[in-house]
Amino acid sequence: MTAEVDRIITKKTGINPDLSSNHIRCVCHKIALILASGLKAIDTNTAGLTKCKKKTLGHVPFLDTIPENNNTQGAAFLSGDEDLDAPVLDQSDEDCEDETDELAGSPGNSETMAGILSKVDFVIQRITSSSSKRSEFELWRTKLDDPGPTLIAGYGIRWNIKWQSRDRAYQSRNVINKLIENEKDRQERDGGKSFYQDCEITRGDWEIVKRLNDILSEFYFITKKMEGDHSSCGMLLVEYQSIKDFLKDRLASVTENEFRSMLKKMIEKTETYLAEALACNTILLTTMLNPSYRLSIFQAYFSSHHKYAEILLQQKFDKRKAELAATVSSRESTPQQPSQPQKTSH
């Protein structure tokens, strides 16, 4: 978009504002980029998952609360990242049975973290794309007295939807495992192709999902806190530092190479954005003027910038003091005009 704006303004005025280079990303964008660097390190893409061409009962907006749709029969299975103009998926089993391969592709290599996540996403999408499986899910959720939530299909590019999709799946893992077991029994009894392509989600797989979701949840709630129409400049340094501390604590507690690689990449990206924020005088000043932090936060967390921040604050104070003094002096040197008596009417 910025490139197109550059082109239009340059064409009409002859001046290139270079908005593409001067575009300032919001902090929520930076947080998403930190997370993306970590997910890229473990290659958690959507390989093996073909985006559904039909909606699965509704749309989930960016980082909004996911409502339950009470107008549909049975459970409300919501999906994000769909084409908004796509038609609603028909409730008949025929849609699922005829297009199962097209909808979900095949699970990835289950020996890697990306493969495990791909497998979980695959099973979730198979369930949410079939009306019969949605009904079976609701049936067994009642029979097992499972308090877990309904499912949403989290395919696409929005990490927050993927996080919510897998988080709901983890909470309802007992029901999902029961559906996989039922399909295995049916295949052994009746033969034919496996609806879940012989996928099995082990306890260890669910543990991987849970541990990754615990990390993603921190970013989700930080994003929720920082988004919106309010001033967040004075909170940037603290939030970046809290993200960095959180990631370092997680790094110290994990031994798996994939988790360590992911966390190291995220720490590296966080340090880049933290250094960028520390180089901005406006951010330094707004942080010091925040009554929760003041200058003491630099002494506690950013000691290398403490002296510079103190000098910057003193300079701004002296400049403002001089401006106020000049204003007062100007008022005092200006002779006051005698007030004219008001005429009274009798």
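Following full-length UniProt numbering, the numbering of the sequence shown begins with 1 at its first residue and continues without gaps. Glycine included, every Cβ here is placed at the ideal spot set by N, Cα and C.
Looking only at 179, 207, 248 and 252, the smallest Cα-Cα distance to residue 270 is reached by 248. Under DSSP, residue 36 takes part in no beta bridge, so it has no partner. A Cβ-Cβ contact shorter than 9 angstroms links residue 176 with residue 201. The alpha-carbon separation between residue 199 and residue 159 amounts to approximately 23 angstroms.
Under the 10 Å beta carbon count, residue 128 is surrounded by 16 or more other beta carbons and is classified as buried.
Within the same chain, 38, 41 and 42 come within 6 angstroms of residue 262 by CB-CB distance, once the 5 residues on both sides are set aside. Counted as a single uninterrupted DSSP element, the stretch harbouring residue 43 is not any alpha helix (DSSP H), since DSSP gives it neither H nor E. As summarised for the segment 118-158, the continuous alpha helix (DSSP H) elements at least 4 residues long and confined to that stretch are 131-143, given in chain order. In the three-state scheme derived from DSSP, where H, G and I count as helix and E and B as strand, residue 276 is classed as helix. In the three-state reduction of the DSSP assignment, residue 214 falls in the helix class, which pools H, G and I. For residue 296, the enclosing alpha helix (DSSP H) begins and ends at 296-301. In this structure, the beta-carbon distance from residue 285 to residue 278 does not fall below 9 angstroms. For the pair residue 236 and residue 303, the Cα-to-Cα distance works out to about 17 angstroms.
Distance from the CA atom of residue 307 to the CA atom of residue 238, rounded to whole angstroms, is 18 angstroms. In this structure, the straight-line span from the alpha carbon of residue 297 to that of residue 34 is close to 23 angstroms.
With contacts defined by Cβ atoms closer than 9 angstroms, residue 9 and residue 15 form a contacting pair.
For residue 115, the secondary structure class from DSSP, reduced to helix, strand or coil, is helix. The Cβ-Cβ distance between residue 150 and residue 234 does not fall below 9 angstroms. In this structure, the beta-carbon distance from residue 173 to residue 140 does not fall below 9 angstroms. Inter-residue distance for residue 181 and residue 144 is about 14 angstroms (C-alpha atoms, whole angstroms).
The alpha-carbon of residue 293 is positioned some 53 angstroms away from that of residue 130. Residues 273 of the same chain have their beta carbon placed closer than 8 angstroms to that of residue 30, with the five preceding and five following residues left out of the count. DSSP places residue 229 outside any alpha helix (DSSP H), giving it a letter other than H or E.
Within 10 angstroms of the beta-carbon of residue 311 lie fewer than 16 other beta-carbons, which makes it exposed. For residue 235, no alpha helix (DSSP H) run applies, since DSSP gives it neither H nor E.
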